[in-house]
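Enquirer: Dropping a structure here in structure tokens format, bear with me for questions.
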Amino acid sequence: MSETHVAELTNEAEWMDAYPVLSELRPVDEETYLQYLRTMAGEGYRLFALFEDDEILAVAGVRMSTTLYHGKHAWVYDLVTREDRRSEGHGRRLLTFVEDWARDHDCAVLELASGLWRDDAHRFYEEHTGYDRYCYTFKKDLM
0 MSETHVAELT
10 NEAEWMDAYP
20 VLSELRPVDE
30 ETYLQYLRTM
40 AGEGYRLFAL
50 FEDDEILAVA
60 GVRMSTTLYH
70 GKHAWVYDLV
80 TREDRRSEGH
90 GRRLLTFVED
100 WARDHDCAVL
110 ELASGLWRDD
120 AHRFYEEHTG
130 YDRYCYTFKK
140 DLM
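Position 70 of the sequence shown, counting from 1, maps to 69 under numbering that gives the first Met the number 0, and the rest follow consecutively.
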């Protein structure tokens, strides 16, 4: 097995390298993907990738903020491992990196949401990463 490492993706060329993996979770066209990432990066969104050699196996998108509820915290908006490389520990390694990154930036909490239908993801978070299910997130479409 090759060695893995995590790096932040900071420019459009690197974002496009992550597109095939991230589009497994967020199926948008390439133009929309770049447009959203440009906006999100300006709002503090950070994109990290777990590599094996030069190949991206997993991607995590995270942003820090401060709220009355949690104080300074980080939110994982996107976390996906390439479908053909799941259940090999790559998602857990990347999430551990993000936890350390958030802790290094004085975040008290790391949070994420997962769709109700994503039973495998829920099992991953609860059984393999130590996350607690503690609330529901609600949404209302406005457009």
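All C-beta atoms in this analysis are idealised placements derived from N, C-alpha and C, irrespective of residue type, glycine included.
CA-CA distance, VAL20 and GLY70?
Expert: Translated into the one-based positions of the sequence shown, residue 20 becomes position 21. Translated into the one-based positions of the sequence shown, residue 70 becomes position 71. Each residue's alpha carbon lies about 32 Å from the other.
Enquirer: So ARG25 and ASP77 are in contact, right, with Cβ under 8 Å, and what is the actual spacing, rounded?
Expert: Here residue 25 refers to the residue found at position 26 when the sequence shown is read from its first residue. Here residue 77 refers to the residue found at position 78 when the sequence shown is read from its first residue. Going by Cβ atoms, the distance from ARG25 to ASP77 rounds to 6 Å, so yes, they are a contact pair.
Enquirer: May I have the straight-line CA-CA distance separating GLU3 from ARG81, to the nearest angstrom?
Expert: In the sequence shown, the residue the question calls residue 3 occupies position 4. In the sequence shown, the residue the question calls residue 81 occupies position 82. It should be pointed out that residue 3 corresponds to Thr in this sequence rather than to Glu. The alpha-carbon atoms of THR3 and ARG81 are separated by roughly 14 Å.
Enquirer: Could you give the residue range of the alpha helix (DSSP H) that holds TYR32?
Expert: Counting from one through the sequence shown, the residue named residue 32 turns up at place 33. That run of the alpha helix (DSSP H) goes 29-41.
Enquirer: How many angstroms separate the CA atom of THR65 from the CA atom of ASP16?
Expert: For this step, residue 65 is matched to residue 66 along the sequence shown. For this step, residue 16 is matched to residue 17 along the sequence shown. Roughly 31 Å separates the two Cα atoms.
Enquirer: Flag this pair as yes or no: are the beta carbons of LEU49 and ARG91 separated by less than 7 Å?
Expert: Counted from its first residue, the sequence shown places residue 49 at position 50. Counted from its first residue, the sequence shown places residue 91 at position 92. In this structure, ARG91 does not lie closer than 7 Å to LEU49 by Cβ.
Enquirer: Between the alpha carbons of ARG85 and ALA57, how many angstroms are there, rounded?
Expert: In the sequence shown, the residue the question calls residue 85 occupies position 86. In the sequence shown, the residue the question calls residue 57 occupies position 58. Going by C-alpha positions, ARG85 is about 9 Å away from ALA57.
Enquirer: Mark LEU141 as exposed unless 16 or more other C-beta atoms lie within 10 angstroms of its C-beta, in which case mark it buried.
Expert: Residue numbering aside, residue 141 sits at position 142 when the sequence shown is read from its first letter. Classified as exposed, LEU141 has fewer than 16 neighbouring CB atoms from the shown chains inside 10 Å of its CB.
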